[in-house]
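*Asks:*
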Amino acid sequence: MILYLHPENPEIRKLKQISEKLKDGAVYIFPTDTVYAIVADSNSKLGVEKIYSIRKLPKDKPLSLMCKDISMASNFIEYLPNSAYRLMKRVTPGPFTFVLKANKNLPKPSVVHHKDKHIGIRIPDHIYLTELLKIHDSPLTSTSAFCDDEFIIDIDDLESIYGNQVDGIIDGGIVKMELSTILQINDDSVDLIREGKGYELIAGEISN
3 MILYLHPENP EIRKLKQISE KLKDGAVYIF PTDTVYAIVA DSNSKLGVEK
53 IYSIRKLPKD KPLSLMCKDI SMASNFIEYL PNSAYRLMKR VTPGPFTFVL
103 KANKNLPKPS VVHHKDKHIG IRIPDHIYLT ELLKIHDSPL TSTSAFCDDE
153 FIIDIDDLES IYGNQVDGII DGGIVKMELS TILQINDDSV DLIREGKGYE
203 LIAGEISN
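Anchor point for the sequence shown: position 171 equals 173 in my numbering, and the numbering is continuous, going up by one each time.
(1) Could you give the residue range of the beta strand (DSSP E) that holds Gly49?
(2) Do you know how far the Cα of Gln167 is from the Cα of Asn107?
(3) Report the three-state DSSP secondary structure of Met179 (helix, strand or coil).
(4) I'd like to check one pair, Phe153 with Ser144: are the Cβ atoms closer than 8 Å?
(5) If you drop the 5 nearest sequence neighbours on each side, which residues of the same chain put their C-beta closer than 7 Å to that of Pro33?
(6) State the Cα-Cα distance for the pair Ile20 and Asp139, rounded to the nearest angstrom.
(7) Compute the beta-carbon to beta-carbon distance between Val35 and Gly96, rounded to the nearest angstrom, for a pair I have assumed lies under 8 Å.
(8) Beta-carbon separation of Gly27 and Ser44 under 8 Å?
(9) Can you look up Tyr6 in the DSSP assignment and give me helix, strand or coil?
(10) Ends of the alpha helix (DSSP H) at Ala75?
(11) Assign Arg196 to buried or exposed, taking buried as 16 or more other Cβ atoms, counted over all protein chains shown, within 10 Å of its Cβ.
(12) Excluding the 5 residues flanking Leu5 on each side, which residues of the same chain have their C-beta closer than 6 Å to its C-beta?
(13) In whole angstroms, what separates the C-alpha of Leu203 from that of Thr94?
(14) Which two residues bound the contiguous beta strand (DSSP E) that contains Lys23?
(15) What's the C-alpha gap between Ile163 and Lys61?
(16) When the Cα of Lys25 is compared with those of Glu10, Ile31, Val50 and Tyr38, which residue comes out closest?
(17) Comparing C-alpha positions only, which one of Ile14, Met3 and Leu82 sits nearest to Lys136?
(18) Kindly indicate which residue of Arg88, Ser85, Glu207 and Leu67 has the alpha-carbon position closest to the one of Phe78.
(19) Following the continuous alpha helix (DSSP H) through Tyr164, name the residue where it begins and the one where it ends.
(20) Determine, using beta carbons only, whether Leu185 and Phe98 come nearer to each other than 8 Å.
(21) By Cβ distance below 6 Å, which residues in the same chain neighbour Asp156 in space, the five residues on each side in sequence not counted?
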């Protein structure tokens with residue numbers, strides 16, 4: 003089911019309804035500042051399991067956490083060096099995934115099968131997710147909408163492939179096929195894992 007939100011002033015009433023359904027285990031597809039993402043409440047065992055099932059992912063495959071800001075993200079990070087904090091503050095919200103060492107506060111449904119002690123953090127720059135995360139009191143577990151080795155960027159294709167598997171698809175039109183830049187945050191360095199959208203903003207500050 004395709005759902006529509008106002009592109010400049012998303013309806014708070016609709017977002018609150020989505021938030022409540024997410025808490026009950028619903029799964030939605032949202033446009034992001036990169037590609038479309040399948041999202042669930044990070045604390046919902048049912049919702050997270052649906053993501054793994056929909057994407058046919060192995061249970062030990064890490065998913066990202068979408069947070070509304072660095073303050074929310076810091077609740078799940080063991081250590082954030084000052085240099086990394088300054089970088090995150092400068093480029094977020096934006097098309098970056100930061101891989102950091104996690105602490106014990108990670109939502110258990112989202113990491114119960116993970117052996118790795120790291121987590122990918124996204125602070126997306128898209129008005130629909132920005133406004134939803136202001137309302138929602140926990141991060142969203144997410145992964146890209148991907149099928150048959152292709153990212154799905156057209157709303158009609160999303161409806162055809164996922165319409166019967168998710169609780170709603172938020173219409174963001176046809177998005178560009180741009181992936182996030184992935185950065186590994188270590189104690190004394192920031193290393194590039196994947197060059198993607200926004201890379202030119204940080205190219206001189208990281209290790210390749």
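In this text, a Cβ means the ideal position worked out from N, Cα and C, and glycines have one as well.
*Replies:* Let's see:
(1) First-last for Gly49: Lys47 to Arg57, but that is the alpha helix (DSSP H), not the beta strand (DSSP E).
(2) 29 Å
(3) coil
(4) no
(5) His128, Tyr130, Ile172, Gly174 and Val177
(6) 13 Å
(7) Strictly speaking, residue 35 in this sequence is Asp, with Val absent from that position. Indeed, because the Cβ distance is near 7 Å, the residues count as touching under 8 Å.
(8) no
(9) coil
(10) Ile72 to Ser76
(11) exposed
(12) Gly170 and Ile172
(13) 11 Å
(14) Careful: Lys23 lies outside any beta strand (DSSP E), inside the alpha helix (DSSP H) at Ile14 to Lys25.
(15) 22 Å
(16) Val50
(17) Ile14
(18) Leu67
(19) Ile157 to Tyr164
(20) yes
(21) Ile176
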